[in-house]
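For reference, the structure is listed below as structure tokens.
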Amino acid sequence: MPQEVESVASIRARAEQRLDKHQRMMEVLTAALGRPRTVYVTLSMVVGWIAFHVAAPKLLGWRSIDPPPFFWLQGMVALSALLMTTLVLITANRQTRNAEERSHLDLQINLLAEHKVAKLIALVEELRRDLPMVRDRIDHEANDMQEAVDPHAMLEALERATESEQSRAQEAPAIIAGKT
Numbered sequence: 000m001p002q003e004v005e006s007v008a009s010i011r012a013r014a015e016q017r018l019d020k021h022q023r024m025m026e027v028l029t030a031a032l033g034r035p036r037t038v039y040v041t042l043s044m045v046v047g048w049i050a051f052h053v054a055a056p057k058l059l060g061w062r063s064i065d066p067p068p069f070f071w072l073q074g075m076v077a078l079s080a081l082l083m084t085t086l087v088l089i090t091a092n093r094q095t096r097n098a099e100e101r102s103h104l105d106l107q108i109n110l111l112a113e114h115k116v117a118k119l120i121a122l123v124e125e126l127r128r129d130l131p132m133v134r135d136r137i138d139h140e141a142n143d144m145q146e147a148v149d150p151h152a153m154l155e156a157l158e159r160a161t162e163s164e165q166s167r168a169q170e171a172p173a174i175i176a177g178k179t
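With the first letter of the sequence shown counted as 1, position 49 gets the number 48 in numbering that gives the first Met the number 0; the numbers rise by one all the way through.
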């Protein structure tokens, strides 16, 4: 088990090493922005901006550079939202790529496990037939399980099932509309 944990850790470390400095910086910024304190800091800054630009002209006699309706504040908030959205999308895209790689690795491991299990079943069935003290019988289920699943056939079956579900879903509104 420790070897498997080390393998998973090395896969993760290798994925992190592939990041360039710009991607790493984006990840750090996204992590920093994704904390509750960001909300408090943002709200404090907006309230402070509004308070300053409302109170400063009255109390200090200064001319406000951003009087209500706070054109410059709106622009800064919009720019900040654009930048944060872009950071989140960049991070999400990388995480999606990593998830796809892990999913592909899971599929490969599952197919390998499927082949190993099929081989074990075949060996157990062969041993059962060869042992003189075990009654020989035909086990159709064990015979079927000796053959590994064909991934292409499984994918085609899943696609057919998905297509039939989609066609039923498209027919349902028409059937309902016809009954009412």
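We treat Cβ as the ideally placed atom computed from N, Cα and C, and that holds for glycine. In this text, all values refer to a predicted model and were calculated from it rather than measured experimentally.
| Check | Outcome |
| --- | --- |
| Quick one: residues in its chain with C-beta nearer than 7 Å to the C-beta of residue 90, no 5 flanking neighbours on either side, listed in chain order? | 25, 26, 29 |
| Between residue 122 and chain B, is there a C-beta pair that is closer than 7 Å? | As a matter of chain content, chain B is missing from the structure shown, which is built from one protein chain. |
| Since residue 106 contacts residue 32 with CB under 8 Å, what's their CB separation in whole angstroms? | Actually they are not in contact, since the Cβ atoms of residue 106 and residue 32 sit about 34 Å apart, beyond 8 Å. |
| Taking the C-alpha atoms as reference points, what is the distance between residue 74 and residue 114? | 60 Å |
| How far does the alpha helix (DSSP H) with residue 96 in it reach, from first residue to last? | 70-129 |
| So which of 142, 169, 69 has the shortest CA-CA distance to residue 53? | 69 |
| Taking residue 197 as the reference, which of 78, 49, 77, 76 has the closest Cα? | For residue 197 there is no data in the structure shown, the boundaries of the chain being 0 and 179. |
| DSSP state of residue 63, grouped into three classes? | coil |
| My guess is that residue 128 and residue 135 are in contact by the Cβ rule of under 8 Å, so how many angstroms apart are they, rounded? | 6 Å |
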